[in-house]
Amino acid sequence: MAERTVIGTGGVVRGHVRGEGDVEIEGRVEGDVDVVGSVTIQPGALIRATVRAGRVVVRGAVVGNVHGEQSVALEEGARVVGDIFAPSIGVGRGALLRGKLDTGNVVAVLPLEREAEAKPPSKRTETRTSRPATVSPALRPAQETSIVGARPEASRATLGRGSLIERPSAPTARSGNASTLSGSARTALVEPPPLAHGAEMKPPPPIVPSLKKGARGSLKKKAGG
Amino acid sequence: MASTIIAHGITVEGELTSEEEVEIAGTLKGRLISKEAVTVSAGALVEAEVTAASVQIAGQLTGNISASERVDIQAGARLIGDVKAARLTIADGANFKGNVDMDV
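Chains E and U, in that order, are what the protein sequence lines are.
Per this note's numbering, the first sequence runs over residues 1160 to 1384.
Per this note's numbering, the second sequence runs over residues 288 to 391.
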């Protein structure tokens, strides 16, 4: 008795194939395949079905969507007409595909650039009075959430500025762990506002001085030029 | 070694047709048509009409069997359905409820 399910070359299934285990298809399937485990579609297989599995390796013909909980790999000989959904998708040389590849949550870089531009002005106002500081949290949380949600590590790479170091601490500031550290930085610059807001605004201050200089310089240049 | 194997843990609902041998160790609901031998392993659950050259049952099968050659119901098997085959064996310890037609 084999643990592996094989739909042989001469086998045709019209219906559903479900369950736990690995399935290897060399024949034909019309319907759907929903398996916890791996599905291998061998060359010569003809599948007109939605395929759902943990891991899918396609080397044959599939008309239908392919969903992989872990991965989907299209190898040479694969001919797929349908969409592919998996966190990890591989399309090998020689594989033919007409459809959409979707790995799930992909966030664009744009929101990060917006935040970089927004930060310098807000820091300048902080040093003057404490009031604008209350305004910036309104701006920052929205942007911070988008960035935090979208991989802080990626934002580090793209911006390459000191401000990036603050971002990973931003979520921790919210959780309250880094609040004491950022709180001390905060008091050095501005009168401490209510901690709830202050916690969100704390990350920027340490790098603020250098940025402010540059921002002021650029302002002067703009005013002068 | 059968060409088409439905392993334990896998359920096929629908029609399974094969040009070659079929071994069912899992669950099959619907119809099973083969041009060669069909084996229903111990632990398998088949609720289907079976048409094959020959059928060997060690598991549970609910449905009629139509075999062109022979049917063997082994010990531990449970068959509920009619059998139409040229040759038939029912082993001691097998469980069978149905009609038999050997005039194929």
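Idealized CB from N, CA, C, for every residue including glycine.
Residue-chain proximity (residue i, chain U), Cβ-Cβ < 7 Å
| i | result |
| --- | --- |
| threonine 1164/E | yes |
| histidine 1175/E | yes |
| glutamate 1179/E | yes |
| valine 1171/E | yes |
| glycine 1227/E | no |
| glycine 1251/E | no |
| serine 1338/E | Caution is warranted here: a pLDDT of 41 is assigned to serine 1338/E, below 50, making its placement in the model unreliable, and the coordinate value is therefore given only provisionally. Chain U contact via Cβ: absent. |
| arginine 1299/E | Per-residue confidence for arginine 1299/E stands at a pLDDT of 45, beneath the threshold of 50, marking its modelled position as unreliable; no derived number is given. |
| glycine 1213/E | no |
| glycine 1241/E | no |
| glycine 1203/E | no |
| glycine 1190/E | yes |
| glycine 1167/E | yes |
Pick from the options that is closest to residue i, judged by C-alpha positions
| i | options | result |
| --- | --- | --- |
| glutamate 1183/E | Ser321/U, Ile297/U, Glu323/U, Lys316/U | Ile297/U |
| proline 1246/E | Arg1238/E, Val1240/E, Leu1256/E, Gly1227/E | Gly1227/E |
| arginine 1238/E | Ser1230/E, Arg1252/E, Arg1211/E | Arg1252/E |
| arginine 1214/E | Ser1230/E, Gly1170/E, Val1165/E, Glu1185/E | Ser1230/E |
| histidine 295/U | Gly313/U, Gly301/U, Gly350/U | Gly313/U |
| valine 1195/E | Leu1205/E, Arg1187/E, Ile1206/E, Val1176/E | Val1176/E |
| glutamate 356/U | Gly350/U, Val342/U, Glu307/U | Val342/U |
| isoleucine 292/U | Glu302/U, Val333/U, Glu310/U | Glu310/U |
| isoleucine 367/U | Leu319/U, Ala381/U, Glu323/U, Ala373/U | Ala381/U |
| leucine 1255/E | Gly1169/E, Arg1187/E, Ile1243/E | Ile1243/E |
| valine 1210/E | Val1225/E, Asn1264/E, Gly1186/E | Val1225/E |
| lysine 394/U | Val1172/E, Gly1249/E, Arg1163/E | Residue 394/U lies beyond the range of chain U shown here (288 to 391); nothing can be said about it. |
| arginine 1257/E | Val1250/E, Val1240/E, Asn1264/E, Arg1187/E | Val1240/E |
| isoleucine 360/U | Ser353/U, Asp390/U, Ala335/U, Asp379/U | Asp379/U |
| asparagine 386/U | Glu300/U, Thr376/U, Asn351/U | Asn351/U |
Interface flag, residue i vs chain E, CB-CB below 7 Å
| i | result |
| --- | --- |
| isoleucine 293/U | yes |
| threonine 338/U | no |
| valine 299/U | yes |
| glycine 296/U | yes |
| serine 355/U | no |
| serine 290/U | yes |
| serine 305/U | yes |
| glycine 350/U | no |
| glycine 346/U | no |
| glycine 363/U | no |
| glycine 385/U | no |
| glutamate 302/U | yes |
| glycine 317/U | yes |
Cross-strand partners of residue i (DSSP beta bridge)
| i | result |
| --- | --- |
| serine 341/U | Ala324/U, Arg357/U |
| arginine 1252/E | In the DSSP output, where bridge partners are listed per residue, arginine 1252/E has none listed. |
| lysine 384/U | Ile367/U |
| glutamine 347/U | Leu332/U, Arg365/U |
| glycine 1227/E | Ala1212/E |
| serine 290/U | Paired residue(s): none; serine 290/U is not in a bridge. |
| glycine 317/U | Gly301/U, Ala335/U |
| arginine 1218/E | Per DSSP, none; premise fails for arginine 1218/E. |
| threonine 376/U | Asp359/U |
| threonine 1262/E | Answer by DSSP bridge pairing: none, since threonine 1262/E is not bridged. |
| glutamate 307/U | According to DSSP, glutamate 307/U bridges with nothing at all. |
| alanine 312/U | None, per the DSSP bridge assignment. |
| alanine 1245/E | Looking at the DSSP assignment, alanine 1245/E forms no beta bridge with any residue, so it has no partner. |
Complete beta strand (DSSP E) runs within the segment 1167-1214 of chain E (minimum length 3 residues, chain order)
Here the runs fully enclosed are 1170-1179, 1181-1184, 1187-1195, 1197-1200.
Sufficient close CB pairs (3 or more, under 8 Å) joining the segment 312-330 of chain U to the segment 1182-1201 of chain E
Contact between the segment 312-330 of chain U and the segment 1182-1201 of chain E is absent: fewer than 3 CB-CB pairs across the two stretches fall below 8 Å.
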